[in-house]
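First the structure, in the form of structure tokens, and then the observations on it.
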């Protein structure tokens, strides 16, 4: 069965950080903590879907600093 859904463009971690208003280190932390998954690679660079970045940002805002995960 073929799907006709358009694929979202992939963006670099630097651009993802800029769009979310955070540092690139925060994007890497979100990946380490499982809030954001890489959607592809460009050489050594990780690529992300913009909607995934915004979802991770919302998730991070919902979790108070110092609170246990989960």
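In my numbering, the protein residues as written are 907 to 976.
Ideal Cβ positions, reconstructed from N, Cα and C, are used throughout, including at glycine.
From a predicted model like this one, the values you see are computed outputs, not experimental measurements.
Using DSSP with H/G/I as helix, E/B as strand and the rest coil, what is residue i?
i, result
"residue 929", "coil"
"residue 947", "strand"
"residue 955", "strand"
"residue 921", "helix"
By alpha-carbon positions, which one of the options ends up nearest to residue i?
i, options, result
"residue 918", "963, 965, 939 and 959", "959"
"residue 913", "968, 922, 964 and 946", "946"
"residue 926", "967, 963 and 915", "963"
If you draw a straight line from the C-alpha of residue i to the C-alpha of residue j, how long is it?
i, j, result
"residue 956", "residue 920", "12 Å"
"residue 967", "residue 940", "15 Å"
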